[in-house]
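Down below is the structure, laid out as structure tokens.
2 protein chains.
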Amino acid sequence: MISPIFNDNFRKKFHELLTWRRDVRRFRTDPVDETILDDCLQMACQGPSVGNSQPWRFVRIQNSERRDKLTDYFKAENKKALSDFDGEEAALYARLKLSGLQEAPVQISVFADINTDIGKGLGSKTMPETKIYSVIAAIQILWLALRSHDIGLGWVSILPPEKMAGLLDVDTNWVFVGHLCIGHPEEQADTPELVKEGWQERLPMDRFLLQR
Amino acid sequence: MISPIFNDNFRKKFHELLTWRRDVRRFRTDPVDETILDDCLQMACQGPSVGNSQPWRFVRIQNSERRDKLTDYFKAENKKALSDFDGEEAALYARLKLSGLQEAPVQISVFADINTDIGKGLGSKTMPETKIYSVIAAIQILWLALRSHDIGLGWVSILPPEKMAGLLDVDTNWVFVGHLCIGHPEEQADTPELVKEGWQERLPMDRFLLQR
Numbered sequence: 000m001i002s003p004i005f006n007d008n009f010r011k012k013f014h015e016l017l018t019w020r021r022d023v024r025r026f027r028t029d030p031v032d033e034t035i036l037d038d039c040l041q042m043a044c045q046g047p048s049v050g051n052s053q054p055w056r057f058v059r060i061q062n063s064e065r066r067d068k069l070t071d072y073f074k075a076e077n078k079k080a081l082s083d084f085d086g087e088e089a090a091l092y093a094r095l096k097l098s099g100l101q102e103a104p105v106q107i108s109v110f111a112d113i114n115t116d117i118g119k120g121l122g123s124k125t126m127p128e129t130k131i132y133s134v135i136a137a138i139q140i141l142w143l144a145l146r147s148h149d150i151g152l153g154w155v156s157i158l159p160p161e162k163m164a165g166l167l168d169v170d171t172n173w174v175f176v177g178h179l180c181i182g183h184p185e186e187q188a189d190t191p192e193l194v195k196e197g198w199q200e201r202l203p204m205d206r207f208l209l210q211r
Numbered sequence: 000m001i002s003p004i005f006n007d008n009f010r011k012k013f014h015e016l017l018t019w020r021r022d023v024r025r026f027r028t029d030p031v032d033e034t035i036l037d038d039c040l041q042m043a044c045q046g047p048s049v050g051n052s053q054p055w056r057f058v059r060i061q062n063s064e065r066r067d068k069l070t071d072y073f074k075a076e077n078k079k080a081l082s083d084f085d086g087e088e089a090a091l092y093a094r095l096k097l098s099g100l101q102e103a104p105v106q107i108s109v110f111a112d113i114n115t116d117i118g119k120g121l122g123s124k125t126m127p128e129t130k131i132y133s134v135i136a137a138i139q140i141l142w143l144a145l146r147s148h149d150i151g152l153g154w155v156s157i158l159p160p161e162k163m164a165g166l167l168d169v170d171t172n173w174v175f176v177g178h179l180c181i182g183h184p185e186e187q188a189d190t191p192e193l194v195k196e197g198w199q200e201r202l203p204m205d206r207f208l209l210q211r
């Protein structure tokens, strides 16, 4: 196979894809095309993984009782998180919509199978956490692939990791990484909601780059 | 701003980008265009982060003594890792090239500032590890952005995390996430080296997708 050519036009669109990728919390409830979802999950599985260990485990929640339980977990954890803030910050925090657990038509919890035999442990002896990192890379690719189809993804991290394998009846040695709400966004945006709401600005890259 | 349109042509090229993104270990030594590198790091900083905490810290290693020390660390850890394998597997492992620490012109260690005030802790109370996950997402974007310019990235995870902040004279509370070798690859490829070498095949996505 001959290596493809990526030109300025492609790079410009790719940059737009990054600029218009949001952590979506406001979803329409109409379904997502299953073929597109499948294609995007396939692309996620093309992501890099330490020793080619492919430790990503996608658990799609179809059962509405499980989804309700997840919503209960989220509410309980979010209440605890709110108690960290006072005054105006608490008021703003309480106003923020932080999940699409009830609206988004597709709900996928993601785990890392850190004990997988796949890849024979290559590259992860010194830093076993790289198995989890591989799963994050796959999620990031899924996020961009979905966005290229105008589909939004919202990552819910306000959930109790220790309860997730039990709720979803999966191997209790799997590490819960995050829960993804997927669906058509109410609107597309180029600015994060936390920036719009005045919670936290984006800072320039040179602040995060050091020379040694 | 009006949301951009992503068409089939863009999606096809984006899929090619994923297919031809490799964990590169064989680099040419000629320099990378600094403007392109800068642009790609900017794009990485457009990645999602929990509570918009922007916890990514990129530490570019310019000092050759530090690079040599890093190579020593890698060799020591890799020797330990090799001792996990026997017979044919050990012989194959020993043959694999697992880093471009000496050849790649750009060397960047990446850390997560897990105690940053940026974002006021929103979203990371229940799962503090999401700060680290945000850094992984940024690295994945950097990887793809560089590939769109035909530049390769190789992630070295065979390094002692506890020694990295000291070696690079950064905040010892930062979590070392990974070391990136960046440069022009000797060749572009659509197949991972671990697949070519017979270490580990890619497995189909449906094996990693569960319904609950």
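Going down the list, the protein sequences come from chains A and B.
Counting from 0, one number per residue, gives the positions in the first sequence under numbering that gives the first Met the number 0.
Counting from 0, one number per residue, gives the positions in the second sequence under numbering that gives the first Met the number 0.
Glycine residues also receive a C-beta, built at the ideal position from the N, C-alpha and C atoms.
Predicted model, so just to flag it, every value in this text is computed and none were measured.
Three-way DSSP call (helix, strand, coil) for Asp32 of chain B in this model: Within the second sequence, the letter at position 33 stands for residue 32 of chain B. Asp32 of chain B falls in the coil class under three-state DSSP.
Identity of the residue in B:Pro3, B:Arg10, B:Trp19 nearest Ile1 of chain A by Cα: As a first step, residue 1 of chain A must be located in the first sequence, where it is residue number 2. Minimum Cα distance to Ile1 of chain A is reached at B:Trp19.
Distance between beta carbons of Val109 of chain A and Pro54 of chain A, contact taken as under 8 Å: What you label residue 54 of chain A is simply residue 55 of the first sequence in a count that begins at 1. What you label residue 109 of chain A is simply residue 110 of the first sequence in a count that begins at 1. Their Cβ separation, rounded to whole angstroms, is 10 Å, which puts Pro54 of chain A and Val109 of chain A out of contact at 8 Å.
Contact the region 156 to 169 of chain B vs the region 59 to 73 of chain B: 3+ CB pairs below 8 Å: yes
Enclosing alpha helix (DSSP H) for Trp142 of chain B [first to last residue]: Indexing the second sequence from 1 puts residue 142 of chain B at position 143. 129 to 146 is the span of the alpha helix (DSSP H), which, as asked, contains Trp142 of chain B.
Backbone CA spacing between Val105 of chain A and Ile60 of chain B [nearest angstrom]: Mapped onto the first sequence, residue 105 of chain A falls at position 106. Mapped onto the second sequence, residue 60 of chain B falls at position 61. Going by the C-alpha atoms only, they are around 43 Å apart.
Local conformation of Val58 of chain A per DSSP, three classes: Position 59 of the first sequence, counted from the first residue, corresponds to residue 58 of chain A. Note: Val58 of chain A maps to strand in three-state DSSP.
Ala43 of chain A classed as buried or exposed, judged by whether at least 16 other C-beta atoms fall within 10 angstroms: Start at 1 with the first residue of the first sequence, and residue 43 of chain A comes out as number 44. So Ala43 of chain A counts as buried.
Three-state class that DSSP yields for Phe9 of chain A in the structure shown: As a first step, residue 9 of chain A is located in the first sequence; it is residue number 10 there, counting from the start. Reduced to three states, the DSSP call for Phe9 of chain A is helix.
Gln210 of chain B, DSSP secondary structure in three states: One-based indexing of the second sequence puts residue 210 of chain B at position 211. The answer is strand: DSSP assigns Gln210 of chain B an E or B state.
Minimum Cβ-Cβ distance from Gln101 of chain A to chain B less than 8 Å: Within the first sequence, residue 101 of chain A is the residue found at index 102, counting from 1. Gln101 of chain A does not count as touching chain B.
Rounded Cβ spacing between Leu166 of chain A and Ile107 of chain A (contact assumed at less than 8 Å): As a first step, residue 166 of chain A must be located in the first sequence, where it is residue number 167. As a first step, residue 107 of chain A must be located in the first sequence, where it is residue number 108. With a Cβ gap of about 14 Å, Leu166 of chain A and Ile107 of chain A do not count as contacting.
Contact set for Leu145 of chain B: own chain, Cβ-Cβ below 6 Å, skip 5 residues either direction: Position 146 of the second sequence, counted from the start, is the residue given in the question as residue 145 of chain B. Closer than 6 Å at the Cβ level, and outside the excluded window around Leu145 of chain B, lie Cys39, Leu152.
Amino acids of chain A, ordered along the chain, whose beta-carbon sits closer than 7 Å to that of Arg10 of chain B: Your numbering for residue 10 of chain B matches position 11 in the second sequence. Ordered by position in chain A, the residues that pass the 7 Å Cβ test against Arg10 of chain B are Ser147.
Under 7 Å from the C-beta of Ala136 of chain A: neighbouring residues of chain B: Your numbering for residue 136 of chain A matches position 137 in the first sequence. The answer, in chain order, is Ile135, Gln139.
Chain A contact for Gly165 of chain B (CB, 8 Å cutoff): To locate residue 165 of chain B, count along the second sequence from 1; it is residue 166. Not one chain A Cβ lies under 8 Å of Gly165 of chain B.
Under 7 Å from the C-beta of Cys44 of chain A: neighbouring residues of chain B: As a position in the first sequence, residue 44 of chain A is number 45, starting the count at 1. Within chain B, the residues near Cys44 of chain A are Met204, Phe207.
Neighbourhood of Ile131 of chain A by C-beta distance below 8 Å, restricted to the same chain and skipping five residues each side: On the first sequence, residue 131 of chain A is found 132 positions in, with the first residue counted as 1. Here the set comprises Pro54, Ala111, Ile113, Val174, Val176.
Cutoff 7 Å; reference Asn77 of chain B; Cβ partners in own chain excluding five residues on either side: What you label residue 77 of chain B is simply residue 78 of the second sequence in a count that begins at 1. These residues qualify, in order along the chain: Leu97, Ile157.
Inter-residue Cα distance where the pair is Arg56 of chain B and Glu15 of chain A: Position 57 of the second sequence holds residue 56 of chain B. Position 16 of the first sequence holds residue 15 of chain A. Computed Cα separation, rounded: 24 Å.
Residues near Gly120 of chain B in its chain [Cβ-Cβ closer than 7 Å; skip 5 each side]: Taking the first residue of the second sequence as 1, we reach residue 120 of chain B at position 121. Closer than 7 Å at Cβ, skipping near neighbours: Gly50.
Residue-chain proximity (Lys79 of chain A, chain B), Cβ-Cβ < 8 Å: If you number the first sequence from 1, residue 79 of chain A lands on position 80. Yes, its Cβ sits closer than 8 Å to a Cβ of chain B.
Collapsed DSSP secondary structure at Gly86 of chain A in the structure displayed: For the purposes of this step, residue 86 of chain A is taken as residue 87 along the first sequence, with counting starting at 1. Gly86 of chain A falls in the helix class under three-state DSSP.
Any C-beta of chain B under 8 Å from that of Gly151 of chain A: On the first sequence, residue 151 of chain A is found 152 positions in, with the first residue counted as 1. Not an interface residue.
Three-state class that DSSP yields for Val155 of chain B in the structure shown: Your numbering for residue 155 of chain B matches position 156 in the second sequence. Three-state DSSP puts Val155 of chain B in a strand.
Test: Val58 of chain A CB closer than 8 Å to a CB of chain B: By 1-based counting over the first sequence, the position of residue 58 of chain A is 59. True, the Cβ-Cβ gap to chain B drops below 8 Å.
Continuous beta strand (DSSP E) assignments of at least 3 residues falling wholly in the region 157 to 198 of chain A: 174 to 182
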